[in-house]
Amino acid sequence: MVTCYLRYVIDPSRLKEFEAYGKMWIVLVEKFGGTHHGYFLPSEGANNIALALFTFPSLAEYERYRQQSMADPQCQAAFQYAEDTRCILSYERSFFRPVFD
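At position 83 of the sequence shown (counting the first as 1) the number is 83 in the UniProt record's numbering, and the numbers step up by one without a gap.
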């Protein structure tokens, strides 16, 4: 199991647009076999940082999702929406594995 952690620097004046973008991807990650744990929008503190977490059964499954998303019309529309609205200024991606008892 691998969890992808995305940390976004967003334009705070485009928070509604970023929220719409996030809602697009929740459905799309699940379409490709992942489990989305949600987007986390600014509340207290910094107003320009947002997070997302989603899990795939393996890094290989995540890589398959990434390849398939490049050819998927809905994914391409979501990428284009972010570009058109300029709600995302930058992002970083990290991967984590869970530790259970």
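Where is the CB? At the ideal position from N, CA and C, for every residue including glycine.
### Residues bridged to residue 90 [DSSP beta-bridge criterion]
Paired residues: 9.
### Task
Would you kindly work out how many angstroms separate the C-alpha atoms of residue 23 and residue 52, rounded to a whole number?
So the two alpha carbons sit approximately 11 Å from each other.
### Query
How should residue 28 be labelled, buried or exposed, when 16 other C-beta atoms within 10 angstroms of its C-beta is the threshold for buried?
Burial of residue 28 is indicated by the presence of at least 16 other C-beta atoms within 10 angstroms of its C-beta.
### Message
Tell me the rounded alpha-carbon separation between residue 98 and residue 49.
### Response
So the alpha carbons of these two residues sit roughly 24 Å apart.
### Message
I'd like the span of the alpha helix (DSSP H) that includes residue 82, first residue to last.
### Response
Residue 82: member of the alpha helix (DSSP H) spanning 73-85, first to last residue.
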